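Engineer:
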Amino acid sequence: MQTTPSTKTIVNQIFDEDRLSELLKQEASHGLGFEQCEFDGLNLYQLDLQGAQFVECSFADTCFESCQLAGTRWLHCKAGRADFRLANLTDALFCQSDLNNTNWELAKLASARFLEVKLTGARFGGAQTLGIDFHESLLIGADLRGMSFRKKTLEGLNFSDADLAGCDFRDAVFHKASLRDAHLKNARFDGADLRSADLRGLTIASLSQHFKGSLISHEQAAELVGGLGVRVM
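Just so it is clear: in the sequence shown, position 61 is 61 by the UniProt record's numbering, and no numbers are missing.
Right, here's the structure in full:
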């Protein structure tokens, strides 16, 4: 990800709530850049940071609840356990960042992009996710219930142990992706191409229940049947 030129860039600073609020009163957030800055544990409730760029910044346990974060850019950031509930993250971009155990419930994530990020244990319940894009990312144990991935190419996504109940994967293409031990209640895979997916943990029963109309390889079929003690020659 390449950052765009900023009106002002703040480097290597540790912020508290008052200092950041004062800065935003003096400078418009649009085009404001932060590099190697620390925001750990701050309560930034309803703060307007639209269009800001963050490079190698730290946000551990930071509260962004109801913040305006549309069009923000986050590169090489660490935001473990950060709370993005109800935040507006339309068109936001997260790249090569640690977002483990983050909360995105009820957030606006239309057209948001997550590239090479860690989202283990992340929660997306009730979020607005039209046009959201994940690429080469870890979603292990994430709560993605009801999310639509219809007709998407899912490149390098690890959904192991994720809650995918009610998700729509119709006509999706899985490439080097994993569904190992994922929770699939009421998920739809009609027309999905699963030949490059890791399906370990699935059973014949779950295959017939959730994957009707999908495409798997001969090797995958043999492995599933092998789980019944049947040898495929």
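Where is the CB? At the ideal position from N, CA and C, for every residue including glycine.
These figures come from a predicted structure and were not determined experimentally.
1) Note the first and the last residue of the continuous beta strand (DSSP E) segment covering R19.
2) Are the beta-carbon atoms of G213 and D193 separated by less than 7 Å?
3) Among A182, Q209, S208, which has the Cα closest to the Cα of D198?
4) According to DSSP, is I204 helix, strand or coil?
5) What would DSSP say about G31, mapped onto helix, strand or coil?
6) If distances are taken between C-alpha atoms only, which option among A79, A87, Q96 comes closest to T102?
7) For the beta strand (DSSP E) containing I10, list its first residue and its last residue.
8) Put E219 into one of helix, strand or coil per three-state DSSP.
9) Which residues in the same chain have their Cβ closer than 7 Å to the Cβ of I140, if we skip the five residues on either side of it in sequence?
10) Beta-carbon within less than 8 Å of G126's beta-carbon, same chain only, minus the 5 sequence neighbours each way: which residues are those?
11) Spatial neighbours of Q96 within its chain, please: CB distance less than 6 Å, with the 5 preceding and 5 following residues excluded, ordered by chain position.
12) List the residues that DSSP assigns as beta-bridge partners of D143.
13) If you run the structure through DSSP and keep just helix, strand and coil, what is Q128?
14) Taking DSSP as the reference, what is the three-state secondary structure of H76?
15) Could you check the C-alpha separation between T3 and K108 for me, to the nearest Å?
16) Compare the C-alpha of A122 against each of Q53, E35, S148, R85 and name the closest.
17) Using three-state DSSP, classify Q68 as helix, strand or coil.
18) Determine the contact status of A82 and F114, defining contact as a CB-CB distance below 7 Å.
Structural biologist: A quick look at the data gives this:
1) On the sequence shown, position 19 is the one that residue 19 refers to. Unbroken run through R19 is the alpha helix (DSSP H), 17-26; no beta strand (DSSP E).
2) As a first step, residue 213 must be located in the sequence shown, where it is residue number 213. As a first step, residue 193 must be located in the sequence shown, where it is residue number 193. It is not a contact, given that the beta carbons lie outside the stated cut-off.
3) Position 198 of the sequence shown, counted from the first residue, corresponds to residue 198. Out of A182, Q209, S208, A182 has the C-alpha closest to the C-alpha of D198.
4) Within the sequence shown, numbered from 1, the residue matching residue 204 stands at position 204. Correct three-state label for I204: helix.
5) As a working note, residue 31 is residue 31 in the sequence shown. Of the three classes helix, strand and coil, the one that applies to G31 here is coil, per DSSP.
6) Counting from 1 along the sequence shown, the entry for residue 102 is found at position 102. Measuring from the Cα of T102, the nearest candidate turns out to be A79.
7) Along the sequence shown, read from residue 1 onward, the residue named residue 10 stands at position 10. Its beta strand (DSSP E) spans residues 8-11.
8) Taking the first residue of the sequence shown as 1, we reach residue 219 at position 219. E219 falls in the helix class under three-state DSSP.
9) Here residue 140 is taken as the residue at index 140 of the sequence shown, counted from 1. The beta carbon of I140 sits closer than 7 Å to the beta carbons of T120, N158, S160, D161, A162 from its chain, once the five residues preceding and following it are set aside; these are given in chain order.
10) Walking along the sequence shown from the start, residue 126 turns up at place 126. Excluding sequence neighbours, G126 sits near E105, L106.
11) Position 96 of the sequence shown, counted from the start, is the residue given in the question as residue 96. Excluding residues within five positions, the ones whose Cβ falls inside 6 Å are H76, E116.
12) Counting from one through the sequence shown, the residue named residue 143 turns up at place 143. Bridge partners of D143: R123, D163.
13) On the sequence shown, position 128 is the one that residue 128 refers to. Strand at Q128.
14) Along the sequence shown, one-based indexing puts residue 76 at 76. If DSSP states are grouped into helix, strand and coil, H76 belongs with coil.
15) In the sequence shown, counting from the first residue as 1, residue 3 sits at position 3. In the sequence shown, counting from the first residue as 1, residue 108 sits at position 108. Interpretation of T3 is limited by its pLDDT of 48, a score under 50 that renders its predicted location unreliable; no figure is taken from the coordinates.
16) Here residue 122 is taken as the residue at index 122 of the sequence shown, counted from 1. Among Q53, E35, S148, R85, the Cα nearest to that of A122 is on R85.
17) As a position in the sequence shown, residue 68 is number 68, starting the count at 1. Q68: strand per DSSP, three-state reduction.
18) For this step, residue 82 is matched to residue 82 along the sequence shown. For this step, residue 114 is matched to residue 114 along the sequence shown. Contact: no.
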